[in-house]
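At position 97 of the sequence shown (counting the first as 1) the number is 110 in the numbering used here, and the numbers step up by one without a gap.
The next block holds one structure in the form of structure tokens; read it before the comments.
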Amino acid sequence: MNIDDGTQPLDQQQHEKHDIKKRIEHQLSYLPIDWDSLNPLLKSLEPSTARWTSKEDDPMGRLLLGRVLTNQAPLNVVETVLTVFPDCLMYNPAAFFMACRHYTTNQSVLVAMVKHSLSSRDPSDSECPFPWILSDLVTVSAAQAILEIYPQGVLEPSPMLSGKTLLDYLLRSSELQKHQQESVSSNLWTKLKLILVSAECSQQANCTACKKNGNLSPAHVLLNRVLSYPDFFDNVSVARNTIWLLNQLASTDAWIFQKPDAKGIYPLHVVLQQECTPQHHTGKVIARELVKTLLQVHPQSARCLLHQRLPIHWAVEHNWPCHDLLLAVYPEALDAQDSTSELYPFQIAAAAASVSTRTTRTSTPCKQAENLSSASALDITFELLRANPTHVRPIPAKHHTGVRAEA
Numbered sequence: 014m015n016i017d018d019g020t021q022p023l024d025q026q027q028h029e030k031h032d033i034k035k036r037i038e039h040q041l042s043y044l045p046i047d048w049d050s051l052n053p054l055l056k057s058l059e060p061s062t063a064r065w066t067s068k069e070d071d072p073m074g075r076l077l078l079g080r081v082l083t084n085q086a087p088l089n090v091v092e093t094v095l096t097v098f099p100d101c102l103m104y105n106p107a108a109f110f111m112a113c114r115h116y117t118t119n120q121s122v123l124v125a126m127v128k129h130s131l132s133s134r135d136p137s138d139s140e141c142p143f144p145w146i147l148s149d150l151v152t153v154s155a156a157q158a159i160l161e162i163y164p165q166g167v168l169e170p171s172p173m174l175s176g177k178t179l180l181d182y183l184l185r186s187s188e189l190q191k192h193q194q195e196s197v198s199s200n201l202w203t204k205l206k207l208i209l210v211s212a213e214c215s216q217q218a219n220c221t222a223c224k225k226n227g228n229l230s231p232a233h234v235l236l237n238r239v240l241s242y243p244d245f246f247d248n249v250s251v252a253r254n255t256i257w258l259l260n261q262l263a264s265t266d267a268w269i270f271q272k273p274d275a276k277g278i279y280p281l282h283v284v285l286q287q288e289c290t291p292q293h294h295t296g297k298v299i300a301r302e303l304v305k306t307l308l309q310v311h312p313q314s315a316r317c318l319l320h321q322r323l324p325i326h327w328a329v330e331h332n333w334p335c336h337d338l339l340l341a342v343y344p345e346a347l348d349a350q351d352s353t354s355e356l357y358p359f360q361i362a363a364a365a366a367s368v369s370t371r372t373t374r375t376s377t378p379c380k381q382a383e384n385l386s387s388a389s390a391l392d393i394t395f396e397l398l399r400a401n402p403t404h405v406r407p408i409p410a411k412h413h414t415g416v417r418a419e420a
């Protein structure tokens, strides 16, 4: 006995689906397309879960989506296709390229596609959803629309970028330098700026307010990122690319080096606050060139206090070989005491040398780097004293023999 449960046989369902697809294909073949009548046809299709292994024609709706986008379908039609074929954007950057090409003045379709792609993403997935954003086929306005939706994507790695993030890919590669003549005005250069802003936004609670108040600090983001690379002082190609990027940014957007962030930190402070750890002479050259570049863009930053300390205090404490560069801009710093320790720059350098020497004697890892750091600190101490020997003079006292520092 056959019991009618109200469901259609599978073959009949497939036949009806095939018939609807033929009618959709027919309507798409004649211009102008009647989108108002096509949309109900699309809605009559059951949402598809078919994948690449299906025997159906266009099981995931990728070809259909392409035709709809190519013909500049209205937003509601595109949204219907995304609903009926939820996987049509999976590993399908071509669809986004088509949206960029055919919707140049209206980003609503592209935004809907990006939001759909993110909504169907596995929560455990930490892979960048749009590594293809660097392509010339993606306009700057489209890239901006995408990054505003999901700024943290620039800090997520992608196999398409050799396991790097979008930010690291541009900072570590010479992609921008390959076209030096047109790089400043190219789409890729503008995208780098957008990526720097997005990286900062992704780490802030209220990015919209920061943008509105002008509190974004892309130079700080770039410097913090490159100094976080363990090989920065040893990787000449990365360092050279970083210096080149800083010079290019200085030529187009010098203001980002001339303003502090919300905490009053200038780009020069970002660098000098961190320990300088070159293991070879080349690393010291890189460190000097980095500081020199920042001082050329904004020499006044050598006078700016951070936690009541001048940049030279930070520099000599953290073994940055740049005291002469700082003093060339602000020679008065030689006679400035650290407000916390009340030490002069030469005394801070001597203390750093003492710490490095004790560390070298008691530990063996990275011994070469520590020896270099200790020698550098001693050299700095000597040079600072030679610049103004009056800082050290004997003070006669009944109960005290020795010397003390006096201005």
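Cβ coordinates follow ideal geometry from the N, Cα and C atoms, glycine included.
In this text, all values refer to a predicted model and were calculated from it rather than measured experimentally.
*Keeping to the same chain, check which residues put their C-beta closer than 8 Å to that of residue 40; ignore five residues upstream and five downstream.*
Within the sequence shown, numbered from 1, the residue matching residue 40 stands at position 27. Closer than 8 Å at the Cβ level, and outside the excluded window around residue 40, lie 46, 47, 50, 51 and 54.
*Simplified DSSP state of residue 238, which is helix, strand or coil*: Translated into positions along the sequence shown, residue 238 becomes position 225. Correct three-state label for residue 238: helix.
*So is residue 249 buried or exposed if we call it buried at 16+ other beta carbons inside 10 Å?*
Position 236 of the sequence shown holds residue 249. Exposed, because fewer than 16 other Cβ atoms sit within 10 Å of the Cβ of residue 249.
*Of the choices 99, 257 and 144, whose alpha-carbon is the least far from that of residue 189?*
By one-based count along the sequence shown, residue 189 stands at place 176. Out of 99, 257 and 144, 257 has the C-alpha closest to the C-alpha of residue 189.
_Proximal residues to residue 129 (C-beta, below 7 Å), its chain only, five neighbours per side dropped_ = The count along the sequence shown starts at 1 and reaches residue 129 at position 116. Only 95 and 102 meet the Cβ criterion.
*Assigned secondary structure, residue 7 (DSSP; H/G/I helix, E/B strand, else coil)*: In the structure as shown, the chain starts at 14 and stops at 420, and residue 7 therefore has no counterpart that could be examined.
*asked:* Alpha carbons only, please: which of 205, 202, 200 and 233 is nearest the one belonging to residue 216?
replied: As a position in the sequence shown, residue 216 is number 203, starting the count at 1. The residue with the shortest Cα to Cα distance from residue 216 is 233.
*Is it true that the CB of residue 299 sits closer than 8 Å to the CB of residue 336?*
The count along the sequence shown starts at 1 and reaches residue 336 at position 323. The count along the sequence shown starts at 1 and reaches residue 299 at position 286. No, they are not a contact pair.
*Let me know if residue 74 comes out buried or exposed under the rule of 16 or more other beta-carbons within 10 Å of its beta-carbon.*
Here residue 74 corresponds to residue number 61 of the sequence shown, with the count starting at 1. By the 10 Å Cβ count, residue 74 comes out buried.
*To the nearest angstrom, report how far apart residue 153 and residue 122 are at their CA atoms.*
Numbered from its first residue, the sequence shown carries residue 153 at position 140. Numbered from its first residue, the sequence shown carries residue 122 at position 109. Going by the C-alpha atoms only, they are around 16 Å apart.
*Runs of alpha helix (DSSP H) wholly within the stretch 68-141 (minimum 4 residues, chain order)*: 75-83, 88-97, 106-115 and 121-132
*Which word fits residue 191, buried or exposed, when buried means at least 16 other C-beta atoms lie within 10 angstroms of its C-beta?*
Residue numbering aside, residue 191 sits at position 178 when the sequence shown is read from its first letter. When all chains shown are included, residue 191 counts as exposed.
_For residue 79, which residues in the same chain have their Cβ closer than 8 Å to its Cβ, ignoring the five residues on either side in sequence?_
For this step, residue 79 is matched to residue 66 along the sequence shown. 107, 108 and 111.
_residue 271 versus residue 282: straight-line alpha-carbon distance, rounded_ = Along the sequence shown, read from residue 1 onward, the residue named residue 271 stands at position 258. Along the sequence shown, read from residue 1 onward, the residue named residue 282 stands at position 269. Distance between the alpha carbons of residue 271 and residue 282 is about 12 Å.
*Looking at the unbroken alpha helix (DSSP H) that takes in residue 161, where does it start and where does it end?*
For this step, residue 161 is matched to residue 148 along the sequence shown. 153-162 is the extent of the alpha helix (DSSP H) around residue 161.
*Under a three-way DSSP split, which group does residue 171 fall into?*
Looking up residue 171 in the sequence shown gives position 158. Of the three classes helix, strand and coil, the one that applies to residue 171 here is strand, per DSSP.
*If you draw a straight line from the alpha carbon of residue 262 to that of residue 113, how long is it in whole angstroms?*
As a working note, residue 262 is residue 249 in the sequence shown. As a working note, residue 113 is residue 100 in the sequence shown. Spanning the two alpha carbons is a distance of roughly 27 Å.
*asked:* Checking the sheet assignment: what are the DSSP bridge partners for residue 322?
replied: Within the sequence shown, numbered from 1, the residue matching residue 322 stands at position 309. DSSP output for residue 322 lists 319 as bridge partner(s).
*Grab the span of the alpha helix (DSSP H) containing residue 353 for me, first residue to last.*
Here residue 353 refers to the residue found at position 340 when the sequence shown is read from its first residue. From DSSP, residue 353 is part of no alpha helix (DSSP H); its letter is neither H nor E.
*asked:* Using C-beta distances below 8 Å, list every residue in its chain close to residue 207, excluding the 5 sequence neighbours before and after it, in chain order.
replied: As a first step, residue 207 is located in the sequence shown; it is residue number 194 there, counting from the start. Around residue 207: 153, 156, 157 and 160.
*Per DSSP, what kind of secondary structure is residue 191 in: helix, strand or coil?*
Numbered from 1 along the sequence shown, position 178 holds the residue referred to as residue 191. Helix at residue 191.
*Is residue 276 helix, strand or coil by DSSP?*
Locating residue 276 in the sequence shown gives position 263, counting from the first residue. If DSSP states are grouped into helix, strand and coil, residue 276 belongs with coil.
*Within its chain, find whatever has a CB closer than 6 Å to the CB of residue 395; leave out the 5 residues flanking it on each side and keep chain order.*
Within the sequence shown, the letter at position 382 stands for residue 395. No residues qualify anywhere along the chain.
*What do you reckon, are the CB atoms on residue 322 and residue 343 nearer than 8 Å?*
Mapped onto the sequence shown, residue 322 falls at position 309. Mapped onto the sequence shown, residue 343 falls at position 330. No. Outside cutoff.
*Go to residue 261, then tell me how far its alpha helix (DSSP H) extends in each direction, as first and last residue.*
Position 248 of the sequence shown, counted from the first residue, corresponds to residue 261. From DSSP, the alpha helix (DSSP H) with residue 261 extends over 249-265.
*In terms of residues, what are the limits of the alpha helix (DSSP H) holding residue 9?*
For residue 9 there is no data in the structure shown, the boundaries of the chain being 14 and 420.
_With a threshold of 7 Å on Cβ separation, who are the neighbours of residue 92 within its own chain once the five nearest residues in sequence on each side are excluded?_
Walking along the sequence shown from the start, residue 92 turns up at place 79. These residues qualify, in order along the chain: 125.
_Buried or exposed (CB count within 10 angstroms, at least 16 for buried), residue 254_ = Position 241 of the sequence shown holds residue 254. Residue 254 should be labelled buried.
*Just to confirm, are residue 325 and residue 346 a CB contact at a threshold of 8 Å?*
What you label residue 325 is simply residue 312 of the sequence shown in a count that begins at 1. What you label residue 346 is simply residue 333 of the sequence shown in a count that begins at 1. Yes, the pair counts as a contact, with Cβ atoms nearer than the cut-off.
*So, is residue 178 buried or exposed, given that buried needs 16 or more other C-beta atoms within 10 angstroms?*
Sequence index remark: in the sequence shown, residue 178 carries index 165 (1-based). Buried: at least 16 other Cβ atoms inside 10 Å.
*asked:* Just list the residues that DSSP pairs residue 177 with in beta bridges.
replied: As a first step, residue 177 must be located in the sequence shown, where it is residue number 164. Bridge partners of residue 177: 171.
*If you drop the 5 nearest sequence neighbours on each side, which residues of the same chain put their C-beta closer than 7 Å to that of residue 212?*
Residue numbering aside, residue 212 sits at position 199 when the sequence shown is read from its first letter. Hits under 7 Å: 167, 168, 180 and 234.
*asked:* In this structure, how does DSSP classify residue 290 when only helix, strand and coil are distinguished?
replied: Translated into positions along the sequence shown, residue 290 becomes position 277. Correct three-state label for residue 290: coil.
*Thinking residue 210 and residue 229 are a contact (beta carbons under 8 Å), I'd like their distance in whole angstroms, please.*
As a first step, residue 210 is located in the sequence shown; it is residue number 197 there, counting from the start. As a first step, residue 229 is located in the sequence shown; it is residue number 216 there, counting from the start. Yes, they are in contact, since the Cβ atoms of residue 210 and residue 229 sit about 6 Å apart, within 8 Å.
*asked:* In whole angstroms, give me the CA-to-CA distance for residue 400 and residue 348.
replied: Translated into the one-based positions of the sequence shown, residue 400 becomes position 387. Translated into the one-based positions of the sequence shown, residue 348 becomes position 335. Going by the C-alpha atoms only, they are around 10 Å apart.
*Give me the Cα-Cα distance between residue 175 and residue 186, rounded to the nearest whole angstrom.*
Here residue 175 refers to the residue found at position 162 of the sequence shown. Here residue 186 refers to the residue found at position 173 of the sequence shown. When rounded, the distance between both Cα atoms is 11 Å.
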